[in-house]
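Everything in the sequence shown is counted per this note's numbering, starting at 8 for the first residue and increasing by one. All C-beta atoms in this analysis are idealised placements derived from N, C-alpha and C, irrespective of residue type, glycine included. I have placed the structure first, in the form of structure tokens, so that the comments after it can refer back to it.
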Amino acid sequence: MNIIILAGSNRKNATSTRLGEYAAEVISGQGHEASLFDLYQTPLPFYAPDEKQNEDQNLSDLNTRMLAADAIILSTPEYHGSISGVLKNALDHLSQAHFSGKPVLSISSAGGAVGVSSLLQLQAIIRNLHGINAQEWISIGGAQRRRFEATFDGYEEFEGSQDIEDRIKRVIGSFLHLAETLTAVRKTSGS
């Protein structure tokens, strides 16, 4: 399967982007193709419905990769109880053609305890684009973010670090099962 991870932060080394990178590692370890589209590294033009933006190379690349994906992961920091502006801008550029019938996993990183508000908003957007929300989501916050911060050296142990990784692997495993099932159905039905 081909899974795209849309990392929706405009900050270098964002914890939500690093969480997306970790998700890609887990997915690749399960034998699937996972690629990260980092909105910090590949910024998109501001969405303006009255203007044609077909010539923007980053937007063209995003469109191509989203259409080719069997499943999607949306990763966002939570800002003031909402998704990031750059992720919302990217989603505004996309359509039902990119999401319809595809499973979508929402993940977030919040400065507080958890980023539930942003996840609820993502799920509403996914429904409107006719995507299929995964049964679970991933949210890290507070001390849990330490595992995904740029200063994490990979050796530091802190309370709950293994629990976080185990939970992420479990949720991704569930998401992959959903994605495999829906991909098989789409291929059988020819859609």
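Please name the residue, chosen from the options, that lies closest to residue i on a Cα-to-Cα basis.
| i | options | result |
| --- | --- | --- |
| Tyr47 | Ile145, Asp77 and Leu13 | Leu13 |
| Gly122 | Gly138, Ser89, Leu26 and Lys109 | Ser89 |
| His100 | Ser91, Ile171, Leu66 and Ser115 | Leu66 |
| His105 | Ala117, Asn96 and Ala75 | Ala75 |
| Gln37 | Ile179, Leu189, Ser196 and Thr188 | Ile179 |
| Ile133 | Ile145, Gln103, Ala117 and Ser146 | Gln103 |
| Leu185 | Gly148, Gly138 and Glu172 | Gly138 |
| Thr188 | Phe44, Asp68, Pro110 and Val93 | Pro110 |
| Gly108 | Val192, Glu62, Ser181 and Asp68 | Val192 |
| Arg18 | Ser116, Pro56, Lys176 and Ile147 | Ser116 |
| Arg72 | Glu62, Asn96, Pro56 and Ala41 | Ala41 |
| Pro50 | Val33, Ala97 and Gly27 | Ala97 |
| Phe44 | Gln128, Asp173, Pro56 and Asn70 | Asn70 |
| Ser146 | Glu85, Thr190, Asn135 and Val33 | Glu85 |
Per DSSP, what kind of secondary structure is residue i in: helix, strand or coil?
| i | result |
| --- | --- |
| Asp68 | helix |
| Val123 | helix |
| Ser91 | coil |
| Tyr86 | strand |
| Ala131 | helix |
| Glu40 | strand |
| Leu200 | No answer is possible for residue 200: it lies beyond the span of the chain, which begins at 8 and ends at 198. |
Whole angstroms is fine: what's the gap from residue i's alpha carbon to residue j's?
| i | j | result |
| --- | --- | --- |
| Gln169 | Glu58 | 48 Å |
| Gly15 | Ser196 | 32 Å |
| Tyr162 | Arg25 | Here Tyr162 scores only 48 on pLDDT, less than 50, and its place in the model is too uncertain to base an answer on. |
| Asn140 | Asn20 | 27 Å |
| Pro52 | Ser91 | 15 Å |
| Tyr29 | Ala131 | 25 Å |
| Ser125 | Lys194 | 32 Å |
| Ser35 | His87 | 33 Å |
Taking the DSSP output, what are the residues bridged to residue i?
| i | result |
| --- | --- |
| Asp45 | Ala14 |
| Ala186 | Answer is none; Ala186 lacks a bridge partner. |
| Ile145 | Ile114 |
| Asn20 | Its beta-bridge partners do not exist; DSSP assigns none. |
| Asn140 | Val111 |
- prompt: Between the region 75-88 and the region 10-27, do at least 3 Cβ pairs fall closer than 8 Å?
  reply: Yes: at least three Cβ pairs fall under 8 Å.
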